[in-house]
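Read the structure below first, then the notes.
Given below as structure tokens:
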């Protein structure tokens, strides 16, 4: 998926670095993603979630808070309030240049920030928190041994995840002023809470407090086995799929073009590597999004159907649709049609009816079941109709595949 990188002014006047992950087709919605405390927009979790959502048609804006990643400014000058203000400015930028975010997503302290910012982004219809604390002050547990020194001296350099960060008294005073649960109680937006039961950085009790404080519609999903930073690629894919499926109910439907008497242009299918596995691909088919992968025995993660699975699915679906059209047109008592398919490679000499007599051939076995009170003649006719399926005709006719190099604009 294409990524647009740009900068926009933050709440304290410094330039913040942003990335907008876009689908290959027109976005069905825009989302704003806030990364975790001391993380960055290009961190594993933020980047993977954004890319996965873009593959499913949702454009995602992620940016570095002050003094982090590629953003300007000094981290020591940032506060929870400034992070919230930066989220609102990021939403303003989306509104002015693209479309206001309908979906807000926050990871860890970023989750607390989107909860606090949601009331100031009226177009946002849904909010998602991932491993979020119920109180911004929860982050002080990461440097609890330095709290007294920070209050005494005004600023102390602490080590977080092996990196030095300066924490100021201003930061402590600011987070102490926020009553996040009060904001949650008046959210008036759909809320999805994602949290791992064994999260040893932000305990699961935080998710409970947020859930209890929130009004419906609200949902909670346990991220069993995940760690706080979602370092496992499978967890970020799972989270992105959950968000996309859940948010579907709250996003405006994609406008569909008016019917036309003109000949329809063939729908272009776009396949792109996700880089989230050795073989995992995102597939855009108009407004639809699916994935493809190889089975584990072929070196993949089996996180989606394989290429031949998709080929068989196309033939099976076309077969069933063609039979259904004929049965309805002839008013046949066909209740349901089921098609089962399998692909294999066979030796040409084992196929007496095949023109090719040497080497290996592809063989597709197709079994069809008809439910309904049909006589033998009707069943025989439906079996004949199965071979008139357009995909069947394509596979059994001469196919010319034209391949050329694409160019990026």
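In the UniProt record's numbering, the protein residues as written are 1 to 409. Think of the CB as a built atom: it goes at the ideal place given N, C-alpha and C, for glycine as much as any other residue. Here the structure is a predicted model, which means the values were calculated and not measured.
Put simply, the backbone Cα of residue 95 is about 21 Å away from that of residue 71.
The Cβ atoms of residue 40 and residue 21 do not sit closer than 8 Å to each other.
Residue 227 has its alpha-carbon roughly 46 Å from the corresponding atom of residue 401. In this structure residue 286 is not in contact with residue 293, their Cβ atoms being roughly 21 Å apart against a cut-off of 8 Å. 182 is the residue among 244, 197, 222, 182 whose C-alpha sits nearest the C-alpha of residue 214.
Note: residue 362 is bridge-paired with 345 in the DSSP secondary-structure output. Per DSSP, reduced to three states, the secondary structure at residue 216 is coil, with no helix or strand assignment.
Going by beta carbons, residue 73 and residue 173 fall outside the 8 Å limit.
Inclusion of residue 195 and residue 315 in the CB contact set at 8 Å is not warranted, their separation being larger than that value. Cβ-Cβ distances below 7 Å link residue 308 to 343 in the same chain, with the five nearest sequence neighbours on each side left out; the list follows chain order. When the five nearest sequence neighbours on each side are left out, the beta carbons in the same chain lying within less than 7 Å of the beta carbon of residue 99 are those of 30, in order along the chain. Residue 380 counts as exposed, since fewer than 16 other beta carbons sit within 10 angstroms of its beta carbon. Scanning its chain for C-beta atoms nearer than 7 Å, with the 5 sequence neighbours on each side dropped, one finds around residue 116 the residues 84, 178, 180, 183, in chain order. When the Cα atoms are used, residue 364 and residue 201 turn out to be separated by approximately 52 Å. Here residue 82 has 11, 12, 66 as same chain residues with Cβ atoms under 7 Å from its own Cβ, once five neighbours each way along the sequence are excluded. By the CB criterion at 8 Å, residue 243 and residue 121 fall outside the cutoff. According to DSSP, residue 75 shares a beta bridge with no other residue.
It is roughly 15 Å from the alpha-carbon of residue 75 to the alpha-carbon of residue 109. Residue 14 sits in coil when the DSSP states are folded into three classes, being neither helix nor strand. Within the same chain, Cβ atoms closer than 7 Å to the Cβ of residue 271 are found at 281, 283, the five residues on either side in sequence being excluded.
For the beta strand (DSSP E) assignment, the uninterrupted runs of no fewer than 3 residues enclosed by the UniProt domain "Serine aminopeptidase S33" (47-137) are, from N- to C-terminal side, 58-63, 103-107, 126-130. Around the beta carbon of residue 399, a 10 Å sphere encloses fewer than 16 other beta carbons of the protein chains shown; the residue is thus reported as exposed. Going by beta carbons, residue 16 and residue 63 fall inside the 8 Å limit.
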